[in-house]
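Chemist: The structure follows.
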Amino acid sequence: MKQATIFLSAACPSTDVHLARVMSTIKGAKPDTEFRFVGIGGPQMGHEGLETIGVDYHEFQYKPFFPFRNFYRLATENAMHPVHMYKRWINKKVLNKLDKQYFEIVQHYQPSAFLNFENEFFMIQFYKKLRESYRHFNRICPPTFQYGLTHKDQPQYGQKYVDHWFTRTPLRQSNWEKFTFPHTQVGPDGLYRAFRHLLSNSPQYKDLVTSDTIYLPGGEFFRFDDFLADRVNEQRKTYRQQQNIGDQELLIFVAGGNTSKEIPFCLKTVAEGISRFLKLDEMKNYPPDQIKIIVSVPEFVEHKDKTIKTINSLKWPAKVIQVQTESEKFSALAASDIGLACNGQIVAECAAFQLPTIILDPKPTIQMYYTSLYNGIDNDLNIAYNGIVYPELVMSTIPNKIAYSLLEHYQDPKLRYFYAKQYAPVLQKTLAKCQSAVPTELANRFNSVQLTGYSSAYQVIANTVLKAAQVYEHIHQQSNFTTQQNENLRIEAMQGLGWAKGL
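Be aware that the sequence shown starts at 249, since it is given in our numbering, and climbs by one per residue.
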C-alpha cells in the first residue's frame, strides 16, 4: 500500500470540525493509500488520525477577524497598524513554538502538501518560514494551500508563500497588476449538503443527485427561488405531519454553534431572548402551546454532549424538540418559521431552505468593533451578496435585541420571500462547480432548463490537494538537491497545474 503524509493546521478552533471532514474525504478519495496526517488540530481531527506537533489549537484566536474591505495592504497594515497588535501577539506565541518544529517537519515527517484553514495572519508567517526551511535543507517545498476569505486585491507577491487558495465567497479579485490569484471557489459545504437533501427527497427531482454531484436548474428566465420554495414546502408538510405540528404553529429553529464557547453562550442568550419575545405586548394573547423551539444538536460527540447538557440546564419558554442527525436538521429547517443561528455554515443552510434567519455573532467586544470598522459585514452569504440581507447581531447578541428581531419577523412573514429573492442569484455562485459535463440523459430529460453540476467543497479541496501532492512526489524524485534546479522544477510543476508562476 502506498503511503503519503499531509500537514494540516486548524488555525482557529472553529475549523476543527471542517478539517476533520476534509481528512475523512481524503482517505475516501484514495483507499489504496495509507495517509499520515500531522499538524495542528482539535479532538475531531484527532478522531480522524491527526498527529499533533506540540501546539494547542486553543491558543489561536476564536474565529479570527479578517479585513477583506477598507484595507490597503495586508502585510503592511498587519505589521504597522496598532489595532492588529493583539492578533500578532496571539499568533506569535504559536509561531515561537513552531520554530522548534521546522526541522522535524521537513526532515522527519516530509509532507507532500500543506493545508491551512483560516487565520491568514498566521498562515503568512508560517509558510514563509517553511519555505526558508526547505531552502536551507536544499529540498523542494511541497504545495501550500489556504482556505478562507481572501482580500479582493490579493497581489502577486502572495505566491511567495502560498500556491493556491480555497475561497469561501466569490469575491472578485482586482488590482493594478491585472493578476488573479490562483484560487478555487468552494463555498460552505453545508449549502451543498442542504441542496442535496432537498433534491434527494423530491420524487420529481431526485435523479438530479448522483454519488458525488448535484445538478441544479437555472437559465436566463428560470426562477430559482420559486423552484426552491416548492421543494421546501414538500419537506415542510412532511415534517410537520410526522411531528404532529399544525400548520399555524410557530416553529423557531435554533443553532448554537460548534465550539465550547459558542454553544453555552448562544443557547442561554436565545432562551432568554425567546422568553422576552413571548412577554412582549404584541405576543401576550398568543397561545403558549402553539409555539415550539427546535434546537439543532451537533453530530460530533464533544459538541453533542455539551449542547444536550446546556439545553437541559436552561429554562425554555416553550416545548423543545432536539434534532440530532443532519437529515432531521434539514427537515426541521424546512418546517420552521424563524431561525436563530450562530454565524457559520448553518446560515447558508438556512438560506437554502429559505428560512428567515437572525444571525448571532458572539465575539469579543474588540473584535466586533474591528468587524464593524473595516468590513461592515460578517457572514459569508452577506459578503457574497455585498450587503446585509439576513440581519447580523454583530454587536448586539443580547436577549432584548433577539426578542424584538423575532417580533419583526413574526409580524412581517413576507420577509421570507424577500430573503429568498435576494439570495437566489448568490447561492449557486457560492457552490463549488463540478468540472465534468452534465450527463446526456439528464440534459435531455430536463431540456427546458440549463443544468449545472456542483460538488462537495470538501471533495474539491481533497482532490486538488491530492493532485498537487502527487505532482510534488514526482518532481521530488527528480531533485538533485541544488537550490536552482529545485526552484525550476517547482515553477514548472505549478505552471503545469495551471496556477500561474510558482515561486
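Idealized CB from N, CA, C, for every residue including glycine. Predicted model, so just to flag it, every value in this text is computed and none were measured.
Is it the case that the region 466 to 477 contacts the region 492 to 502, given that we only count it when at least three CB pairs across the two stretches are under 8 Å?
Modeler: The region 492 to 502, when compared against the region 466 to 477, does not touch it at the 8 Å Cβ threshold.
Chemist: Based on the DSSP output, what are the partners of P465 in its beta bridges?
Modeler: Answer is L699, bridged to P465.
Chemist: From K377 to C389, what does the alpha carbon distance come to, in whole angstroms?
Modeler: Going from the Cα of K377 to the Cα of C389 covers about 11 Å.
Chemist: Roughly how many angstroms separate the alpha carbons of A668 and L343, rounded to a whole number?
Modeler: Roughly 44 Å between the two C-alpha positions.
Chemist: Have a look at the DSSP bridge pairing and note the partners of T415.
Modeler: Paired residue(s): G396, Q433.
Chemist: Just the C-alpha distance for G521 and A651, rounded to the nearest angstrom, thanks.
Modeler: About 5 Å.
Chemist: Measure the CB-CB distance between L581 and I607 and report whether it falls below 8 Å.
Modeler: No. Outside cutoff.
Chemist: How many Å lie between I767 and A503 at the Cα?
Modeler: Because the chain in this structure spans residues 249 to 751, residue 767 falls outside the shown range and cannot be described.
Chemist: Over what stretch of residues does the beta strand (DSSP E) that includes N364 continue unbroken?
Modeler: It spans 361 to 365 - the beta strand (DSSP E) in which N364 sits, taken as one unbroken run.
Chemist: Under a three-way DSSP split, which group does T281 fall into?
Modeler: In the structure shown, T281 sits in a strand (DSSP, three-state: E or B).
Chemist: Taking the alpha-carbon positions, what's the D495 to F578 distance?
Modeler: About 18 Å.
Chemist: Please confirm if F469 has its CB atom under 8 Å from at least one CB of chain C.
Modeler: Protein chain content of the structure displayed is limited to a single chain, and chain C is not contained in it.
Chemist: Between the alpha carbons of Q429 and N367, how many angstroms are there, rounded?
Modeler: Reading off the sequence, residue 429 comes out as Phe, not Gln. Roughly 18 Å between the two C-alpha positions.
Chemist: Excluding the 5 residues flanking G505 on each side, which residues of the same chain have their C-beta closer than 6 Å to its C-beta?
Modeler: Closer than 6 Å at the Cβ level, and outside the excluded window around G505, lie I511, C514, C590.
Chemist: Check this for me: beta carbons of F427 and D411, under 8 Å apart or not?
Modeler: No.
Chemist: Identify the continuous beta strand (DSSP E) that holds L588 and give its terminal residues.
Modeler: First-last of the beta strand (DSSP E) with L588: 586 to 590.
Chemist: Where in the region 664 to 693 do unbroken runs of the alpha helix (DSSP H), each at least 4 residues long, occur, reported from the N-terminal end onward?
Modeler: Within the region 664 to 693, the complete alpha helix (DSSP H) runs of at least 4 residues are 688 to 693.
Chemist: Please classify Q452: is it buried, with 16 or more other beta-carbons within 10 angstroms of its beta-carbon, or exposed?
Modeler: The residue is exposed, with fewer than 16 neighbouring Cβ atoms inside 10 Å.
Chemist: Between T688 and N695, what straight-line distance do the alpha-carbon atoms span, to the nearest angstrom?
Modeler: Approximately 10 Å, taken between the alpha carbons.
Chemist: What beta strand (DSSP E) runs, 3 residues minimum, are completely inside the region 589 to 659?
Modeler: The qualifying runs are 605 to 608.
Chemist: Run through DSSP, which three-state label would I723 get?
Modeler: Three-state result, I723: helix.
Chemist: Counting only the same chain and skipping the five closest in sequence on each side, list residues whose C-beta sits under 6 Å from that of K677.
Modeler: So the list reads P418, once near-sequence residues are dropped.
Chemist: Please state the DSSP three-state secondary structure of E740.
Modeler: Three-state result, E740: helix.
Chemist: Is the beta carbon of A268 sitting closer than 8 Å to the one on H306?
Modeler: No. Outside cutoff.
Chemist: Is the beta carbon of K250 sitting closer than 8 Å to the one on E282?
Modeler: Yes, they are a contact pair.
Chemist: Just mark F385 as buried or exposed, buried being the case when its beta carbon has 16 or more other beta carbons within 10 Å.
Modeler: So F385 ends up on the exposed side.
Chemist: Thinking C-alpha only, which one of Q490, P291, I646, A252 is nearest H266?
Modeler: Comparing Cα positions, the closest option is P291.
Chemist: Contact defined as beta carbons within less than 8 Å: I believe V686 pairs with Y463. What is the distance between those atoms, to the nearest angstrom?
Modeler: So it is a contact: roughly 6 Å between Cβ atoms.
Chemist: How is K554 classed by DSSP in three states: helix, strand or coil?
Modeler: Here K554 sits in helix by DSSP.
Chemist: Please confirm whether V697 and T432 have their CB atoms less than 8 Å apart.
Modeler: No, they are not a contact pair.
Chemist: So within the region 522 to 548, which uninterrupted alpha helix (DSSP H) runs reach at least 4 residues, ignoring any that extend past its ends?
Modeler: With a minimum length of 4 residues, no continuous alpha helix (DSSP H) run stays inside the region 522 to 548.
Chemist: Looking at the secondary structure, which residues open and close the beta strand (DSSP E) in which K377 lies?
Modeler: Run containing K377: none in the beta strand (DSSP E); it sits in the alpha helix (DSSP H), 368 to 384.
Chemist: Do L218 and F316 have their CB atoms nearer than 8 Å?
Modeler: Here the chain covers residues 249 to 751 and nothing more, so residue 218 does not appear.
Chemist: Around the C-beta of P661, are 16 or more other C-beta atoms found within 10 angstroms, so that it is buried, or is it exposed?
Modeler: P661 should be labelled exposed.
Chemist: In the DSSP output, which residue or residues are listed as bridge partners for F501?
Modeler: Answer is I542, G587, bridged to F501.
Chemist: Give a yes or no on contact between the region 570 to 577 and the region 629 to 641, applying the rule of three or more CB pairs nearer than 8 Å.
Modeler: These segments do not touch.
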